[in-house]
Structures are given as C-alpha cells and as structure tokens.
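S.K.: Below you'll find the structure I mean.
Protein chains in written order, with the numbering used here: chain G, 28 to 109; chain V, 46 to 191.
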C-alpha cells in the first residue's frame with residue numbers, strides 16, 4: 028500500500044479524475060473531501076460491506092416455499108412480470 | 046424476443062426481453078447478475094420479487110419501504126442517477142430488499158441500500174445511502190407484534 032503524508036487542504040490525485048483533499052484533522056478523525064466523476068462510486072467501506080452482506084443473507088433466506096410468505100399477505104395469483 | 050426461465054420458485058416463466066430490468070452494476074455482492082424480473086408476490090401482500098435471469102436460484106424479496114416505514118426518505122446522489130438515466134430522483138421507484146427470517150415476523154428490511162428503478166428505461170441500481178439513520182436490518186414488524 029502506498030502511504031503518503033498530507034496536511035490540511037492538501038490533495039492527492041488518483042488517476043486524472045479523482046481528487047481527495049484533507050479538509051480537517053481533529054484528534055483521530057480526518058475529514059476528507061472527495062471529487063470524482065459520476066461513474067465512480069464513493070462510500071464508506073463498512074456501509075458497502077454491510078449491504079453486500081445483507082444482500083447475500085437476503086438471497087440465501089428468500090424462501091423457496093412461497094407459502095412461507097403467505098402469512099404476510101392474502102390470496103394467491105399466478106406471478107406476472109410487472 | 047421471448048425468454049424461457051426455469052425458476053425454483055415460480056416454475057417456468059416465459060417473458061419478453063423488454064420486460065427485463067437491467068442493473069448495470071448488479072446488486073452489491075452480485076456484480077455479475079445484471080438482469081432481473083420484477084414479479085408480484087404470488088401470495089399477495091406488499092411484496093415483490095427481484096428474480097435473477099442469469100441465475101434462477103437467486104431471487105430477492107423486495108417491498109415498497111414506505112409501507113413499513115412511512116417516514117423513510119431516500120436522498121439519492123446525482124452520481125447514482127446517471128447510470129440509470131434518471132433525470133429526476135422523484136421519478137425513481139424505490140424498493141427495499143427484505144431478509145425473510147424463519148420466523149417471518151422477525152424479517153428485516155435493508156434501508157441503507159435501497160434499489161432505485163427507472164421504470165421507463167427499465168434500468169435499476171442499488172444505491173448506498175450515507176445516512177446514519179438507516180442500516181441493513183430494520184424489523185418489519187414491531188418487537189413482540191405480528
């Protein structure tokens with residue numbers, strides 16, 4: 028991993044289009060300003076990981092027996108694309 | 046073009062290619078699965094299914110989150126609108142992914158990673174909300190209720 032030292036208001040560039048600026052350093056917290064093209068997703072890693080994990084869990088838990096959801100809604104109708 | 050899809054849950058589905066919904070980036074954790082069908086839950090209720098076309102065993106139970114969480118507000122960033130050609134966030138159709146637990150009343154909704162669908166273009170994206178009020182396991186039924 029590349030490790031760089033930067034001070035407040037200093038910026039690093041990743042490629043030609045992604046800029047990360049140190050906005051504020053206070054104690055053990057660093058505020059970053061990120062400027063990136065619309066095609067680049069930027070988010071906190073732990074949130075991303077949590078959603079990925081939730082998706083895996085949701086896919087594994089989706090009941091194959093549709094009756095399992097029956098308690099949550101009335102009637103039966105053949106599935107049709109919406 | 047008509048596609049025939051053998052699914053473990055819905056049997057054989059015959060669908061038009063025009064009915065498919067494309068996730069250009071897939072669902073998080075499932076980047077290779079880009080095409081889904083949105084099906085009404087056969088048993089009714091506020092539920093729908095996102096059925097993977099490429100991997101028929103994969104399907105997500107989804108629902109309009111406002112049915113369960115009337116105060117839920119999604120703030121979509123501009124960079125999430127481009128990939129699904131959505132010009133106005135208000136025209137997006139929001140779904141929450143549900144995890145159905147063995148005891149259904151313990152089922153949960155993921156409110157930090159909603160799915161936004163551009164119905165007109167049939168493009169969709171799972172977005173990551175930077176809102177600390179929401180997480181991935183909001184219970185659908187109140188504790189002790191249901």
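Using N, Cα and C, we set each Cβ at its ideal position, and we do this for glycine too.
May I ask you to list, following chain order, the residues of the stretch 74-94 of chain G that have a beta carbon less than 8 Å from some beta carbon of chain V?
M.R.: Taking 8 Å as the Cβ-Cβ cut-off against chain V, the residues of the stretch 74-94 of chain G that qualify are 74, 75, 77, 78, 79, 80, 81, 82, 83, 84, 85, 86, 88, 89, 90, 91, 93, 94.
S.K.: Examine chain V for any beta-carbon lying closer than 8 Å to the beta-carbon of residue 71 of chain G, and answer yes or no.
M.R.: Closer than 8 Å: yes.
S.K.: Check whether the stretch 53-67 of chain V and the stretch 93-110 of chain V touch, using three or more Cβ-Cβ pairs below 8 Å as the test.
M.R.: Yes, since at least three Cβ pairs between the stretch 53-67 of chain V and the stretch 93-110 of chain V fall closer than 8 Å, the two stretches touch.
S.K.: For residue 63 of chain V, which residues from the same chain have a beta carbon less than 8 Å from its beta carbon, with the 5 sequence-adjacent residues on both sides left out?
M.R.: Around residue 63 of chain V: 167.
S.K.: Counting only C-beta atoms, is residue 31 of chain G closer than 8 Å to chain V at any point?
M.R.: So, not an interface residue.
S.K.: Would you report the Cα separation of residue 152 of chain V and residue 163 of chain V, rounded to the nearest angstrom?
M.R.: Their Cα atoms are separated by approximately 27 Å.
S.K.: For residue 55 of chain G, is the classification buried or exposed, using 16 other Cβ atoms within 10 angstroms of its Cβ as the cut-off for buried?
M.R.: Under this definition residue 55 of chain G is an exposed residue.
S.K.: Suppose contacts are defined by Cβ-Cβ distances below 8 Å. Is residue 75 of chain G in contact with residue 140 of chain V by that definition?
M.R.: No; because the gap between Cβ atoms is not below 8 Å, this pair is not in contact.
S.K.: Report the option in V:130, V:138, V:96 whose CA atom is closest to the CA atom of residue 42 of chain V.
M.R.: Outside the shown range of chain V, which is 46 to 191, sits residue 42 of chain V, and nothing can be said about it.
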